[in-house]
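Below you'll find the structure, written out as C-alpha cells, and then a few comments.
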Amino acid sequence: MAFEKVSVVGLGYIGLPTAAVIASRGIEVIGIDVSKQAVDTINQGKVHIVEPDLDMVVQAAVTMGKLRASLTPEAAQAFMIAVPTPFKEDKQPDLSYIEKAAEAIAPVLEKGNLVILESTSPVGATEKLTGWLQTLRPDLYFPGHPSHEPDMYVAHCPERVLPGRVLEELVSNDRIIGGMSAACSEKAIELYKIFVRGNCISTNARTAEMAKLTENSFRDVNIAFANELSVICDELSINVWELIALANRHPRVNILTPGPGVGGHCIAVDPWFIVASAPESARMIRTAREVNDGKPEYVINKVKQAADEFKRPVIACLGLAFKPDIDDLRESPALGITQKLAELGVGRILAVEPNIHQLPAKLEGSKIELVSLDTAIQQANIVLVLVNHKQFKVLDKSHFNTKVLIDSSGLIS
-8 MAFEKVSVVG
2 LGYIGLPTAA
12 VIASRGIEVI
22 GIDVSKQAVD
32 TINQGKVHIV
42 EPDLDMVVQA
52 AVTMGKLRAS
62 LTPEAAQAFM
72 IAVPTPFKED
82 KQPDLSYIEK
92 AAEAIAPVLE
102 KGNLVILEST
112 SPVGATEKLT
122 GWLQTLRPDL
132 YFPGHPSHEP
142 DMYVAHCPER
152 VLPGRVLEEL
162 VSNDRIIGGM
172 SAACSEKAIE
182 LYKIFVRGNC
192 ISTNARTAEM
202 AKLTENSFRD
212 VNIAFANELS
222 VICDELSINV
232 WELIALANRH
242 PRVNILTPGP
252 GVGGHCIAVD
262 PWFIVASAPE
272 SARMIRTARE
282 VNDGKPEYVI
292 NKVKQAADEF
302 KRPVIACLGL
312 AFKPDIDDLR
322 ESPALGITQK
332 LAELGVGRIL
342 AVEPNIHQLP
352 AKLEGSKIEL
362 VSLDTAIQQA
372 NIVLVLVNHK
382 QFKVLDKSHF
392 NTKVLIDSSG
402 LIS
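Residues in the sequence shown are numbered from -8 upward in steps of one, following our numbering.
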C-alpha cells in the first residue's frame, strides 16, 4: 500500500518536524493538535517552536498544499502519535495524553490503517494503546485480538533526535521499529522508508520501547557521574573542567560534561519509566536520577552563600533552556533554579534567555526580570552561568572580573 495521506497527532518539537519532512516528500499530511494557536500558526505557514530551518520547511509544505493542521482528526492511511509522556508526582508514567490521542483518532480509523506510537513510552505502552483502540473500535481487529486475524497495524517507533538538529537527524538516524507483530513492523518500515535514509531496524514493540529508555538512561547515568565528580572537586578545590579534559585524554575514557542538573523531555524523564517498571532492580538508574535531580539544590546553595556577602545581591541567571541554543524549557534545571532563587528571595533575579521573548506563563507574577545580556552583566554583582548559549560564549570574559561568578556549565573553564 502506498501511503498517500498521513496524520500526525501532536505538533510539538517532534510531531511538527516529522509532519513537515513527510510532507516535503509529496505526501499529504494532516497535523492534529489541541492548541488552536498552534494550528492557526502552522496553517499560515509559520512555526510556534524554535528549530533551525523548520520554518522554511513548514512554509514550503503549507504553500504546496501538502501540510495542513487541524483540531479535528480525519481519515488517513497512517497515524503517527507524538504526544507528551510525562510522569506523575510519584514518578509513575502518565499515559493520559496517549489515551486521549487514541480516543481522538478512533472514530476515523479504517480497516488496514497503520497506527504508530512515537512518544517515548514505558514498556507496555504500545500494548495499552492497542487495547484502548480495540475497545473503542470493536468493529476493527487489532493485533492480539483473541478470535480474529488483525486487519489493523500498530507499532512503536521512538524518536531519536537532538534538539537543534531535528530535521537532519529525522532523515539520517537509524530508526528502531517495534511492531505488535512482524507484519506491523514491515508496514511501519514502508512508511519510514519514505523519508528515512538511515536503517530501519525491525524488532518487537517492548524491545523498541526499552531501547529508547536505555539510550537515555545510559546518558543519565554518565551525566550523574560527571555531576557527582563536580561536587567532589568543589570540596577538594580542583577545577573539574580541567580534570575531565585531562582524564578524557585516556583513549578509553569519555567523561561527559557536568551541569546544573539534567533537563529536557527525555533524559530527565525516561529513566523513571524503567524504575517504575522494575523498582527493585533499577538501583543504579534510580541513584543516577537522584544525583542529577539533586544538583540544582547544590547550585542554589552556592548562590545563597555568595548572596550573603552582599547587602543588595543582584543575580544574573544566564540561560533558562534545558540545553544550549534552543528555546525548549521542558524539565529545565536552569529554569527551576532561577524560579527557586526568586521564591527564596535571595536577591534581585535577572534572567537572560536569548531564545525566548517572554517568561513562561508559570513565572508570570514572579519577581524574575527577563533582561538583555548587557543589562544583566551591567547590573548584577553575582553571575550564575546555567546554559552555554552561543551568545554567552562570545562574551568578553573580563566582564566577570568584578563579579562573583558561579559557572555551573563550564562556560569559562
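Quick reminder that beta carbons are idealized off the backbone N, C-alpha and C, glycines included.
Please read these numbers as outputs of a predicted model, since none were measured by experiment.
In the structure shown, ASP398 falls within a strand segment according to DSSP collapsed to helix, strand and coil. When the Cα atoms are used, GLU(-5) and GLN68 turn out to be separated by approximately 7 Å. Assigned with DSSP and collapsed to three states, ALA10 falls in helix.
In the structure shown, PRO98 falls within a helical segment according to DSSP collapsed to helix, strand and coil.
If you ignore the 5 residues before and after ALA97, its C-beta comes within less than 7 Å of the C-beta of LEU124, LEU127 and ARG128, all in its own chain and listed in chain order. Within the model, the alpha-carbon separation for SER15 versus SER(-2) is close to 14 Å.
In the same chain as GLU140, and ignoring 5 residues on each side of it, the C-beta atoms closer than 8 Å to its own belong to TYR132, in chain order. Around the CB of VAL282, 16 or more other CB atoms lie within 10 Å, so the residue is classed as buried. The residue from ALA93, ALA196, VAL74 and THR329 with its alpha-carbon nearest to that of GLU65 is ALA93. Excluding sequence positions up to five before and after ASN239, its CB lies within less than 7 Å of the CB of ASN245 and ILE246, all in the same chain and listed in chain order. Cβ contact annotation for THR278 (same chain, cutoff 8 Å, sequence separation greater than five): ALA215, in chain order.
Scanning its chain for C-beta atoms nearer than 6 Å, with the 5 sequence neighbours on each side dropped, one finds around LYS331 the residues ILE291, in chain order. Bounds of the beta strand (DSSP E) holding ALA69 are 69 to 72. About 4 Å separates the beta carbon of SER399 from that of PRO251, a gap short enough to meet the 8 Å contact definition.
Here the segment 260 to 280 makes no contact with the segment 226 to 234; the two share fewer than three CB pairs at distances below 8 Å. Listed in chain order, the non-local C-beta contacts of ILE347 below 6 Å within the same chain comprise ASP318, local neighbours out to five positions each way being set aside. The same chain holds no residue with a CB closer than 7 Å to that of PRO137 once the five nearest residues on each side in sequence are set aside. As DSSP reads the structure, ARG59 sits in a beta bridge with ILE21. With contacts defined by Cβ atoms closer than 7 Å, LEU311 and LEU326 form a contacting pair. Nearest neighbour of THR194 by Cα position, chosen from ILE185, MET275, GLY170 and ARG210, turns out to be GLY170.
Beta bridge pairing from DSSP links TYR144 with LEU105.
Excluding the 5 residues flanking it on each side, PRO154 has same chain C-beta neighbours closer than 8 Å at TYR4, GLU42, GLY255, LYS314, ILE317 and ASP319, in chain order. Distance from LYS184 to CYS191 at the Cβ level is roughly 6 Å; contact confirmed, criterion being Cβ atoms closer than 8 Å.
Cβ contact annotation for VAL253 (same chain, cutoff 7 Å, sequence separation greater than five): ASP211, ILE214, ALA259, ASN283 and PRO324, in chain order. Scanning its chain for C-beta atoms nearer than 7 Å, with the 5 sequence neighbours on each side dropped, one finds around ALA267 the residues LYS82, GLN83, PRO84 and PRO113, in chain order. One Cα belongs to ILE23, the other to PHE186, and the distance between them is close to 20 Å. Per DSSP, the continuous alpha helix (DSSP H) segment holding ALA236 begins and ends at 231 to 238.
Only residues of its own chain outside the window of five on either side were considered, and among them none has a CB closer than 7 Å to the CB of PHE209. Under the three-state reduction of DSSP output, LEU375 falls in the strand class.
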